[in-house]
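> Residue numbers 134 to 512, in the working numbering, belong to the letters of the sequence shown in order. Positions of the beta carbon are idealized from the N, C-alpha and C atoms, including for glycine. Note that the structure is predicted; figures quoted are calculated from it, not measured.
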Amino acid sequence: MTSITRTAASCVAVGLLALTACGGEGADDILDAVSDAVDDLTSTTVPDADEDVAGGTTTTPSTAAPGDDAVVEVEFSEPEFRMPLTGEPLEVAEMIPDRPALVVKVPNNSQALPQTGLNEADIVYEEIINDAITRFAVVFHSQGSDPVGPIRSGRAQDIDLLTNLNSPLFAWSGGNAGVTRLVNNSSLVSLSYVGGYANAYYRRDGRGGAPHNLFSSTDTLWAEAPDDASTPPQLFQYLREGEMIDADTASVVEIEMDSIAVRWEFDEDTGQYLRWQNGEEHPTELTGQVSADNVVVLFVEYRSGVVDARSPEAQTVGSGDALVFTGGTVQPAVWARESNTDPIGLFTDASATTPVRLSPGRTWVELPRNDPSDVMYVS
């Protein structure tokens, strides 16, 4: 480890946070650019199983060897099909599971450890909730987990965060009357423990007392999908065959999530990131230490909850700074999103013209407060 970098000195979008947090022309310009980029992404996402879509190539300028000012054009081939939430290349569209995304709300306080299903999920969002702790929105599609849990309550912030998954199933233990009303009026398909589904979907295990002993399985939950449920769209852009990451190395990233101190370390042997929290390895019950192929840090503003002022709500529509960790590298970036139905775009700068690409695989998205000093990385 050679250097420690705080993001205040490394983010490319200097001044962007001031523009986007309060709105203004700068934010509008970014979101206009993002709208065009989102159209490009969503027009080439997951095809129907019977749709014939040809792959293509993209020409990208690449810097030549040091000392040579020439720019060479490199063609990268985009696979015909990808798994929508991991970006794994596929040979045929029929390999995409014909089912909706499933989101399970999993707690992250000490009584909930070790959790199950975190290493099987395509995407995990870590959000700050009340009492200065975090909670996970665990998103499954390409594969499942039996068991999965513990399962806890949802928050109003989940609606904006998850609406872009195309009416996902939402497995949660329930919420207060205000949150329940908002979820029921959203496009999320509620499978709430307190909403009449206790015996159908959920079970209590014997490892501890309520509320940290509520579990289910993804197959049980998927079986309740509506007949018209659809697969989720692709949310991120991914590296193409032969494409290399042009970024600085970063072997460790540390993130302060209120009372939860998160640490991700890159393992060169596996090419994955391993997770620690509060100084200890973060275990799962069945699959060892929590791991991920990508770690995406989105700096977001938290506001007092619309239902409960004590409950912080991440503002995930708009734009802000980001850091993307993949393949042992770090890429300062900009995130931007015009509406909650759009994917959260990741771009190299505020022009929103060049996407930041992830490695195909499982992704963790961290949502710390809008304070660059809360994140540091080591190269």
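Restricting to Cα atoms, I'd like to know which of D291, A226, P233 and N346 is closest to N242.
In the sequence shown, the residue the question calls residue 242 occupies position 109. The shortest C-alpha separation from N242 is found at N346.
> With a threshold of 8 Å, are at least 3 pairs of Cβ atoms found where one atom belongs to the region 280-298 and the other to the region 337-355?
Judged by Cβ distances under 8 Å, the region 280-298 makes contact with the region 337-355, as three or more pairs qualify.
> Over the uninterrupted alpha helix (DSSP H) stretch that includes D293, give me the two end residues.
Along the sequence shown, read from residue 1 onward, the residue named residue 293 stands at position 160. It spans Q290 to L295 - the alpha helix (DSSP H) in which D293 sits, taken as one unbroken run.
> Let's see if you can read the secondary structure: which residues bound the alpha helix (DSSP H) around D391?
Stepping through the sequence shown from its first residue, residue 391 is reached at position 258. Here D391 belongs to no alpha helix (DSSP H), and DSSP marks it neither H nor E.
> May I ask which residues mark the beginning and end of the alpha helix (DSSP H) holding V312?
The sequence position of residue 312 within the sequence shown is 179, counting from 1. That run of the alpha helix (DSSP H) goes A310 to N317.
> Start and end of the alpha helix (DSSP H) containing T462?
Position 329 of the sequence shown, counting from 1, holds the residue named residue 462. Per DSSP, T462 belongs to no alpha helix (DSSP H); it is in the beta strand (DSSP E), T462 to R470.
> For G404 and G328, what's the separation of their Cα atoms in angstroms?
The sequence position of residue 404 within the sequence shown is 271, counting from 1. The sequence position of residue 328 within the sequence shown is 195, counting from 1. Rounded to whole angstroms, G404 to G328 spans 42 Å at the Cα level.
> With DSSP collapsed to three states, give me the class of L500.
In the sequence shown, the residue the question calls residue 500 occupies position 367. Strand at L500.
> Which residues mark the beginning and the end of the beta strand (DSSP E) in which T267 is found?
Position 134 of the sequence shown, counting from 1, holds the residue named residue 267. Taken as a continuous stretch (DSSP letters only), the beta strand (DSSP E) holding T267 covers T267 to F273.
> Among the candidates M509, V423, M377 and Q244, whose CA atom is the shortest distance from the CA of R340?
As a working mapping, residue 340 is identified with position 207 in the sequence shown. Here the closest residue by C-alpha is Q244.
> Taking T351 as part of the alpha helix (DSSP H), name the residues at either end of that continuous run.
On the sequence shown, residue 351 is found 218 positions in, with the first residue counted as 1. Element bounds for T351: T351 to W355.
> Please go through the region 210-289 and give each complete alpha helix (DSSP H) segment of 4 or more residues, from N-terminal end onward.
Within the region 210-289, no complete alpha helix (DSSP H) run reaches 4 residues.
> At the level of alpha carbons, what is the spacing between T267 and G220?
Residue 267 sits at position 134 when you count from the first residue of the sequence shown. Residue 220 sits at position 87 when you count from the first residue of the sequence shown. Cα-Cα distance, rounded: 27 Å.
> Can you look up S506 in the DSSP assignment and give me helix, strand or coil?
For the purposes of this step, residue 506 is taken as residue 373 along the sequence shown, with counting starting at 1. Helix at S506.
> Bridge partners for P365 per DSSP, in chain order?
Locating residue 365 in the sequence shown gives position 232, counting from the first residue. DSSP lists no partner for P365.
> Are there 16 or more other CB atoms within 10 angstroms of the CB of G499, so buried, or fewer, so exposed?
On the sequence shown, position 366 is the one that residue 499 refers to. Checking the sequence shown, residue 499 turns out to be Glu, not Gly. E499 is buried by the Cβ-count criterion.
> For A425, which of helix, strand or coil comes out of DSSP?
Translated into the one-based positions of the sequence shown, residue 425 becomes position 292. Strand at A425.
> Return the chain-ordered list of same chain residues with a C-beta closer than 8 Å to the C-beta of Q422, the five sequence neighbours on each side being excluded.
Counting from 1 along the sequence shown, the entry for residue 422 is found at position 289. So the list reads L407, R408, E414, H415 and P416, once near-sequence residues are dropped.
> Roughly how many angstroms separate the alpha carbons of A362 and S512, rounded to a whole number?
Position 229 of the sequence shown holds residue 362. Position 379 of the sequence shown holds residue 512. Near 44 Å, if we compare the C-alpha coordinates of S512 and A362.
> Taking the continuous alpha helix (DSSP H) assigned at A333, which residues delimit it?
Your numbering for residue 333 matches position 200 in the sequence shown. Taken as a continuous stretch (DSSP letters only), the alpha helix (DSSP H) holding A333 covers A331 to Y334.
> Are the Cβ atoms of F432 and P505 separated by less than 8 Å?
One-based indexing of the sequence shown puts residue 432 at position 299. One-based indexing of the sequence shown puts residue 505 at position 372. Against a cut-off of 8 Å, the Cβ pair of P505 and F432 comes out as a contact.
> Over what stretch of residues does the beta strand (DSSP E) that includes T459 continue unbroken?
Looking up residue 459 in the sequence shown gives position 326. Start and end: G451 to T459.
> Is it buried or exposed, M377, if we count other Cβ atoms within 10 angstroms and call 16 or more buried?
Translated into positions along the sequence shown, residue 377 becomes position 244. With fewer than 16 other Cβ atoms within 10 Å, it is exposed.
> Quick one: what's got a C-beta closer than 7 Å to Q518's C-beta in the same chain, skipping five residues either side?
This structure does not reach residue 518, given that the chain is present from 134 up to 512, and the question cannot be answered.
> Start and end of the beta strand (DSSP E) containing P445?
Within the sequence shown, numbered from 1, the residue matching residue 445 stands at position 312. Taken as a continuous stretch (DSSP letters only), the beta strand (DSSP E) holding P445 covers P445 to A447.
> Please confirm whether F303 and V316 have their CB atoms less than 8 Å apart.
Indexing the sequence shown from 1 puts residue 303 at position 170. Indexing the sequence shown from 1 puts residue 316 at position 183. Yes; because the gap between Cβ atoms is below 8 Å, this pair is in contact.
> Please name the residue, chosen from D379, A469, G494 and S492, that lies closest to A485 on a Cα-to-Cα basis.
On the sequence shown, residue 485 is found 352 positions in, with the first residue counted as 1. Taking only the C-alpha atoms, the option nearest A485 is A469.
> Taking I513 as the reference, give the member of A265, Y510, E211 and E213 with the closest Cα.
Any property of residue 513 remains undetermined from this structure, which presents the chain solely from 134 to 512.
> Whose C-beta lies closer than 6 Å to the C-beta of R396 among residues of the same chain, with five residues either side of it excluded?
Counted from its first residue, the sequence shown places residue 396 at position 263. Here the set comprises E387 and W409.
> Helix, strand or coil: how does DSSP classify L491 here?
Along the sequence shown, read from residue 1 onward, the residue named residue 491 stands at position 358. Three-state result, L491: strand.
> Is the Cβ-Cβ distance between G375 and F269 less than 8 Å?
On the sequence shown, residue 375 is found 242 positions in, with the first residue counted as 1. On the sequence shown, residue 269 is found 136 positions in, with the first residue counted as 1. No, the Cβ-Cβ distance between G375 and F269 is not below 8 Å.
> In three-state terms, what does DSSP make of V179?
Walking along the sequence shown from the start, residue 179 turns up at place 46. The predicted position of V179 is uncertain, since its pLDDT is 47 and thus under 50; a value taken from the coordinates is nonetheless stated next. V179 falls in the coil class under three-state DSSP.
> Applying the criterion that 16 or more other CB atoms from any shown protein chain within 10 Å of the CB defines a buried residue, is A447 buried or exposed?
Walking along the sequence shown from the start, residue 447 turns up at place 314. Counting Cβ neighbours within 10 Å, A447 comes out buried, since at least 16 surround it.
> Tell me which residues share the same chain as V236 and place their Cβ nearer than 6 Å to its Cβ, disregarding the 5 neighbours each side in the sequence.
Here residue 236 refers to the residue found at position 103 when the sequence shown is read from its first residue. For V236, where only same-chain residues beyond five positions count, the Cβ hits under 6 Å are A270, V272, L295, P301 and F303.
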